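K.L.:
Protein chains in written order, with this note's numbering: chain B, 1 to 346; chain V, 1001 to 1346; chain G, 2001 to 2346; chain X, 3001 to 3346.
Virtual Cβ for every residue (Gly too), placed ideally from N, Cα, C.
Computed from a prediction, not measured in an experiment: that's the story for all the values here.
4 protein chains.
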Amino acid sequence: MVKAIGKTKKTPGIEVIDIEEPALGPEDVLVRVKATAICGTDLHYYHWDAYAERHNPGLPRVLGHEFCGDVIKIGENVKTLHPGDRVSGETHIPCKSCIFCRTGKMHICKDMKIFGVDTIYGSFAPYTALPEVTAVKIPDEIPYEVGAVLEPLGVAVHAVSEAQIRPGDFVVVMGCGPIGVYAQQLAKLAGASKIISTDVKDYRLNLSRKAGVGEAINVLRSDPVARVMELTNGVGADVVIEVSGANSAIKQALDSVKRTGRIVLVGTAHKPTEVDTTNYLIYKEIKMSGITGRLMFDTWYQSIKIAVNKLIDLGVVTTHRFELDDAEEAFSLIDKGEGGKVVFLP
Amino acid sequence: MVKAIGKTKKTPGIEVIDIEEPALGPEDVLVRVKATAICGTDLHYYHWDAYAERHNPGLPRVLGHEFCGDVIKIGENVKTLHPGDRVSGETHIPCKSCIFCRTGKMHICKDMKIFGVDTIYGSFAPYTALPEVTAVKIPDEIPYEVGAVLEPLGVAVHAVSEAQIRPGDFVVVMGCGPIGVYAQQLAKLAGASKIISTDVKDYRLNLSRKAGVGEAINVLRSDPVARVMELTNGVGADVVIEVSGANSAIKQALDSVKRTGRIVLVGTAHKPTEVDTTNYLIYKEIKMSGITGRLMFDTWYQSIKIAVNKLIDLGVVTTHRFELDDAEEAFSLIDKGEGGKVVFLP
Amino acid sequence: MVKAIGKTKKTPGIEVIDIEEPALGPEDVLVRVKATAICGTDLHYYHWDAYAERHNPGLPRVLGHEFCGDVIKIGENVKTLHPGDRVSGETHIPCKSCIFCRTGKMHICKDMKIFGVDTIYGSFAPYTALPEVTAVKIPDEIPYEVGAVLEPLGVAVHAVSEAQIRPGDFVVVMGCGPIGVYAQQLAKLAGASKIISTDVKDYRLNLSRKAGVGEAINVLRSDPVARVMELTNGVGADVVIEVSGANSAIKQALDSVKRTGRIVLVGTAHKPTEVDTTNYLIYKEIKMSGITGRLMFDTWYQSIKIAVNKLIDLGVVTTHRFELDDAEEAFSLIDKGEGGKVVFLP
Amino acid sequence: MVKAIGKTKKTPGIEVIDIEEPALGPEDVLVRVKATAICGTDLHYYHWDAYAERHNPGLPRVLGHEFCGDVIKIGENVKTLHPGDRVSGETHIPCKSCIFCRTGKMHICKDMKIFGVDTIYGSFAPYTALPEVTAVKIPDEIPYEVGAVLEPLGVAVHAVSEAQIRPGDFVVVMGCGPIGVYAQQLAKLAGASKIISTDVKDYRLNLSRKAGVGEAINVLRSDPVARVMELTNGVGADVVIEVSGANSAIKQALDSVKRTGRIVLVGTAHKPTEVDTTNYLIYKEIKMSGITGRLMFDTWYQSIKIAVNKLIDLGVVTTHRFELDDAEEAFSLIDKGEGGKVVFLP
């Protein structure tokens, strides 16, 4: 029996539980988890909301999906991983046989399952087991703590890649949580001449300021659209990356971006947004697309190069480190918006 | 004094008026109009609605902007056109000096004026004058009637180009007015294996059927999304081109297109559409963009090749021909949805 | 023991041999071959040249890699294929673990093996065995003979996709062998306004004429570049697809294509070509790229749609059908350039 | 009469001449030149070679085309420039009416003329006159000396844009002259994780080292291909930008780049290069394209943002400043390869 962070009942809260070591299927790898981070998705279970109800493979269960660790055992059909390999968790478990999986778009598999969400056993434990396809080998020179955030970093890498930033571009990133700040750092890395970052919480805006990537605006106190227009002589931003998931931010994105500009949506809004397709998408030929997860595995190769060469400071948003026993304190911090990336060291 | 179709007062209706020949500025060309077609935009003036009020450079005025004719006189600074040249009207009058005009995107100029909309003198007359940049030289082998519809054809060419159709693709085109049917013909020309066309009016659906480009569905009587899913084994269409401007059609576009599919918006909806960005643009990585007008002049070169080589039947939607004197009858037909493309031969 | 077409010795010629049924590995499928076609690559073994020496896994061996048949047995780890499935052979056997295989580019795997080339057992036999990844399931409505040419068709589909043909484009395809003629048919399907096809053999030019896809020019008798320039008013072709592999054709491609045009190389020249990079690639910004094989499996999904919907006549280049016993006659025809696609029906 | 650097006879050498002020056509602007730089092209006239003979509009003539200055007078048809505007010279004089000029590709106009090459009056003088389209307005905050090198910077910006560098990419830049070093700085700005620079001259390699953009290799002393393969585990570079124009460098580019990698050619080789299209462009699907000049005016908007925001150190390659009287010394330095960018301050 091992200690883990998970759920035994369908009620709010988070528990430290004792649970058996995970079983190892023929296509799985068993991993000694060395660092694992809380994602916003995990909060659904802390609140036990509709999402948690919908994605509940059974109880008791272990939560967590952002992690890094060492492979200690492999299933009999595993070919590309070996005991001793350092791996980072990809989260997505694709079917490998649908038309999307077979055409280089495994990350939007028609029959996707999510590790630590749709599976009983997640990563908030000293050991976890997951399919070979969901464990990405990374170089040993990437520290465990950095390896544990390659998954959220990858979302930002994927978004910035879709945004096609060119050196000199004026970029707006809405949202200053970990993925938002990574996206801001990556926009700067890609040569942006100016980055405007927005959020409603000063704690998060300060994370962005700490990363030193531009001007951080609290949208509750000042109008980001006006500021963008002022700085661009009324032309607008070349690119807007929307990470907040706020409906109002999506509208600000449309107002901030220039004619023929590009909006990349990352933040998942809880409800639809009223989009004036005529005056924005048509008359201004603004392009709007979204991204989810990471390209499997193009984004990973790119993220690993960024991490190995330390092209951005990946630790800047990691604000707290905890033992598994401190689950309640850790979740509470995130829930109150008083933490950046919070990491457990099991 | 010449006879023309236009407006002398801000009330509904259409008038046949006598008006002086247009003046010729130093950068203008004077054209003998040989064929000119009614566009949906012209109906704003027939109804004298808010749009008409907003785009009213003065009265009396001559309406019309889709046309073809012969240059008979040129202003002193005109360089690329000469008397005797056959020209088709582009409609857009760009400033030629803003950042968009200077980077190959003249069609979304920041300070655009529209010929026959923002100008006193349109094309529903035996003579019209317009800037050199707005008159496109076409080969003499293109008949005047075809030349008069190159402008709306160009909208469809631009849309299909943005849609990046590949041979074999499954395509949905929403809307069976002239631009919709052109887009359907062009999708077939681009190698689509199957085209589903939709509309709410049987008259228009019959235009599509006459063009012979696939299956035409009246969305009031059957569900196009279900039909697309049935024919694609639940995968969805590769591409949806939305030409109707109906909010419900935009939603059907999102429901019809496959993961990573592409939606191109052409029809201008009168109000915003509720877009579930999370479940469509993000989780399915659907790309949504719009197009307006024609690339100046890339679309024109392409449209001319299509017309000269008769790659599609450009006459299929042209249902009526009238003298200028029959303005009321012509406008009334279009207004009732009982005409396809209606052409005047001044 | 079964009858097959293959080699027992390293000398010119082709043999009908008796050989044991192929063994079935845990990741393989056993297929009852119903139709299998000769590819130009097979001629290396007919002549036993340097290529044959380089790609010789052992003797005796069975040749052939373009085929279609029914799965009759599957290895224990096979997941996506089942007995009764109709499959077409992909030819490429990728490693599935290199950076290219892991980023959607399996077709240019760093450690590629070729079925029927680098393996003992090819498809010129009633039975063959090959890895699951190399057998592509196709719908039963595609006849076996068509299924046997989806592999070379896929090369043309891949090439035309890379060429990004737009409706109205002027296209040149150099080479009128099966892949060349497929490419010409596909260019027409994609909406080309005019296609110029070239070859040095009248037999092949007649295949192109039979397909009815444009003007076929024997370059020994007239100058294709002059013809292209005459038809395009000196501008040049929008796209050139080079399938012949002749060094002189590559130079003609550079001379035929317009400024900013695109050259897609498919034919493998035996030696390097002198390319004037300054006057073509730089001063005219001509883009030159090549393609090999088929995207795994994007090209296959597209090819299947084309075949199922009969968007082009896939039988037009199939000129002869033989029994396995007629190997010598079949190979001799191809060698003399007196056959298009030649199919065995084992 | 004003003093200028030019030629009075068709022999080697450079002269300081007295010449009349340039005449001002109706579409021209007259500029007070404040800084103007020597380009490699100017050396053709120093040596009076075949290029000089071919591009000789008459003698006496004034050389020079890279410059910055103030508009002091405008022709009667000039619309977008005014006395007092600071301008930088674009060099290219497009016809504005060919198919390329009309489709956003003015920089490869079919009937291009080159300022200071095909015209009598260049920029090595206190005053020059040139068409409005060839003088780009820049913000006053860009110093004259920087404004004088925006033209060569633009070549590098255009090349890096074509190269589509992504954050983390491994980039090779062949050639360490001014454009090469700018390209290296821009590759770093675009987020390259590693840049290998090559040249045959230590003076130039030291310019690259001074810019601090990676590892500079003298190809006469060590093998850049081996070094690239060592650092990329045999995969190869993501992108190679070839600025040297050496045939051997183009071959090294093919050997250095990864499968599906991209080679952008900028340096104009004096003779064709033997390209093994089969083993590189086809079997590795390497993409090869070239660029010339700057996109008019997309590249300029981008270059100006880079200069205004000081995203790279644009002065790093400017090694010498001279009066017009010192023409011989300045040209001699460049000719011997002992200068980076050399600027005259007339």
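1) Taking VAL172/B as the reference, which of VAL136/B, TYR144/B and LEU231/B has the closest Cα?
2) By the 8 Å beta-carbon criterion, what residues does the segment 74-85 of chain B contribute toward chain G?
3) I'd like to check one pair, VAL243/B with ALA163/B: are the Cβ atoms closer than 9 Å?
4) Quick one: which chain V residues come within Cβ less than 8 Å of ASN2309/G?
5) At what residues does the beta strand (DSSP E) containing SER197/B begin and finish?
6) Looking at C-beta atoms only, is the number of pairs between the segment 3126-3141 of chain X and the segment 3301-3321 of chain X that lie closer than 8 Å three or more?
7) Three or more C-beta pairs under 8 Å: does that hold for the segment 253-272 of chain B against the segment 281-296 of chain B?
8) If VAL2062/G sits next to TYR2121/G, beta carbons under 8 Å apart, how far is it from one beta carbon to the other, in whole angstroms?
9) Residues in its own chain within less than 8 Å of TYR1203/V by CB, not counting five upstream and five downstream?
10) Cβ closer than 7 Å: which chain V residues qualify as neighbours of GLY3381/X?
11) Buried or exposed for ARG54/B, please, with buried defined as at least 16 other CB atoms from any protein chain shown within 10 angstroms of its CB.
12) Should GLY1058/V be labelled buried (16 or more other beta-carbon atoms within 10 Å of its own) or exposed?
13) By alpha-carbon positions, which one of PHE3115/X, TYR3283/X and SER3097/X ends up nearest to GLU3090/X?
14) Do we get a CB-CB distance below 9 Å when we pair HIS1320/V with the residues of chain B?
15) Restricting to Cα atoms, I'd like to know which of GLY3025/X, LEU3345/X, VAL3342/X and MET3174/X is closest to ALA3246/X.
16) Counting along the chain, where does the beta strand (DSSP E) carrying HIS3320/X start and finish?
17) Indicate whether the contact test is met: 3 or more Cβ pairs, each with one atom in the segment 178-198 of chain B and one in the segment 144-160 of chain B, closer than 8 Å.
18) Assuming contact is defined by CB atoms lying nearer than 9 Å, are GLY2177/G and SER2088/G in contact in what I supplied?
19) Under a three-way DSSP split, which group does ASP2118/G fall into?
20) For the segment 2278-2290 of chain G, which residues have a CB atom closer than 9 Å to at least one CB atom of chain D, in sequence order?
21) Using a C-beta to C-beta distance shorter than 8 Å, which residues of chain V count as neighbours of GLN2302/G?
22) Just checking, does the segment 3311-3320 of chain X make contact with the segment 3009-3021 of chain X on the three C-beta pairs under 8 Å criterion?
23) Rank ILE74/B, LYS10/B, LYS79/B and ASN77/B by C-alpha distance to the C-alpha of ALA50/B and give the top, closest one.
24) Give the C-beta separation of CYS2039/G and PRO2152/G to the nearest angstrom, bearing in mind that I take them to be a contact with Cβ-Cβ under 8 Å.
25) For my contact list, VAL1029/V and GLY1075/V are in at a C-beta cut-off of 8 Å; report their separation, rounded to the angstrom.
26) Please report how far the alpha carbon of SER1193/V lies from the alpha carbon of CYS2101/G, in whole angstroms.
27) What are the boundary residues of the alpha helix (DSSP H) that includes GLU3230/X?
28) Give the residues from the segment 3002-3030 of chain X that approach chain G closer than 8 Å (Cβ to any Cβ), ordered along the chain.
29) Could you work out which residue in TYR2280/G, GLY2104/G, PRO2022/G and LYS2287/G is closest to MET296/B when comparing CA atoms only?
30) Which whole runs of the beta strand (DSSP E) in the segment 3141-3186 of chain X are 3 residues long or more, in chain order?
31) At the 9 Å Cβ level, is LYS1096/V part of the contact set with chain B, yes or no?
32) Is there at least one Cβ from chain B nearer than 9 Å to VAL3160/X's Cβ?
33) Quick one, which of GLU1027/V, LYS1210/V, GLU1329/V and ALA1216/V has its alpha-carbon nearest ILE1093/V's?
34) Which chain V residues are close to ILE250/B, counting only those with a beta carbon under 7 Å from its beta carbon?
35) Tell me which residue opens and which closes the beta strand (DSSP E) that THR2036/G is part of.
36) Quick one, which residues of the segment 2178-2189 of chain G are near chain V if we go by CB-CB under 8 Å, in chain order?
P.N.:
This is what the structure gives:
1) Position 172 of the first sequence, counted from the first residue, corresponds to residue 172/B. Closest by alpha carbon: LEU231/B.
2) ASN77, LYS79 and THR80
3) Within the first sequence, residue 163/B is the residue found at index 163, counting from 1. Within the first sequence, residue 243/B is the residue found at index 243, counting from 1. Going by C-beta atoms, ALA163/B is not nearer than 9 Å to VAL243/B.
4) On the third sequence, residue 2309/G is found 309 positions in, with the first residue counted as 1. Those within 8 Å of ASN2309/G in chain V are GLY1168, SER1193 and LYS1194.
5) Numbered from its first residue, the first sequence carries residue 197/B at position 197. Note, SER197/B: beta strand (DSSP E), 194-199.
6) yes
7) yes
8) Stepping through the third sequence from its first residue, residue 2062/G is reached at position 62. Stepping through the third sequence from its first residue, residue 2121/G is reached at position 121. Going by Cβ atoms, the distance from VAL2062/G to TYR2121/G rounds to 5 Å, so yes, they are a contact pair.
9) By one-based count along the second sequence, residue 1203/V stands at place 203. Within the same chain, TYR1203/V has close Cβ partners GLY1337 and GLU1338.
10) There is simply no residue 3381/X to check, as chain X begins at 3001 and stops at 3346 in what is shown.
11) Locating residue 54/B in the first sequence gives position 54, counting from the first residue. Exposed, by the Cβ-count rule.
12) Numbered from 1 along the second sequence, position 58 holds the residue referred to as residue 1058/V. GLY1058/V is exposed by the Cβ-count criterion.
13) Reading the fourth sequence from its first residue, position 90 is the one you call residue 3090/X. Per the Cα distances, PHE3115/X.
14) Taking the second sequence and counting its residues from 1, the one referred to as residue 1320/V is at position 320. Taking Cβ atoms only, chain B never reaches closer than 9 Å to HIS1320/V, which makes this a no.
15) Here the question's residue 3246/X lines up with position 246 in the fourth sequence. It is MET3174/X.
16) Translated into the one-based positions of the fourth sequence, residue 3320/X becomes position 320. Taken as a continuous stretch (DSSP letters only), the beta strand (DSSP E) holding HIS3320/X covers 3318-3322.
17) yes
18) For the purposes of this step, residue 2177/G is identified with residue 177 of the third sequence, where counting begins at 1. For the purposes of this step, residue 2088/G is identified with residue 88 of the third sequence, where counting begins at 1. No, Cβ-Cβ distance for GLY2177/G and SER2088/G is not below 9 Å.
19) Reading the third sequence from its first residue, position 118 is the one you call residue 2118/G. In the structure shown, ASP2118/G sits in coil (DSSP, three-state: anything other than H, G, I, E or B).
20) Among the protein chains of the structure shown, namely B, V, G and X, there is no chain D.
21) Here residue 2302/G refers to the residue found at position 302 when the third sequence is read from its first residue. By Cβ distance, chain V contributes ARG1166, PRO1167 and GLY1168.
22) no
23) By one-based count along the first sequence, residue 50/B stands at place 50. Checking every option, the nearest Cα to that of ALA50/B belongs to LYS10/B.
24) To locate residue 2039/G, count along the third sequence from 1; it is residue 39. To locate residue 2152/G, count along the third sequence from 1; it is residue 152. Correct: roughly 7 Å between the Cβ atoms.
25) By one-based count along the second sequence, residue 1029/V stands at place 29. By one-based count along the second sequence, residue 1075/V stands at place 75. That pair is a contact at about 7 Å.
26) Position 193 of the second sequence, counted from the first residue, corresponds to residue 1193/V. Position 101 of the third sequence, counted from the first residue, corresponds to residue 2101/G. Approximately 30 Å, taken between the alpha carbons.
27) Locating residue 3230/X in the fourth sequence gives position 230, where the first residue counts as 1. Per DSSP, GLU3230/X belongs to the alpha helix (DSSP H) from 3224-3231.
28) none
29) Looking up residue 296/B in the first sequence gives position 296. When only C-alpha atoms are compared, the closest one is GLY2104/G.
30) 3170-3174
31) Locating residue 1096/V in the second sequence gives position 96, counting from the first residue. Closer than 9 Å: no.
32) For the purposes of this step, residue 3160/X is identified with residue 160 of the fourth sequence, where counting begins at 1. It does: the Cβ of VAL3160/X has a partner Cβ on chain B nearer than 9 Å.
33) If you number the second sequence from 1, residue 1093/V lands on position 93. Ranking GLU1027/V, LYS1210/V, GLU1329/V and ALA1216/V by Cα distance to ILE1093/V puts GLU1027/V first.
34) As a working mapping, residue 250/B is identified with position 250 in the first sequence. Within 7 Å Cβ-Cβ: THR1277.
35) Here residue 2036/G corresponds to residue number 36 of the third sequence, with the count starting at 1. Note, THR2036/G: beta strand (DSSP E), 2028-2037.
36) LEU2186 and LEU2189
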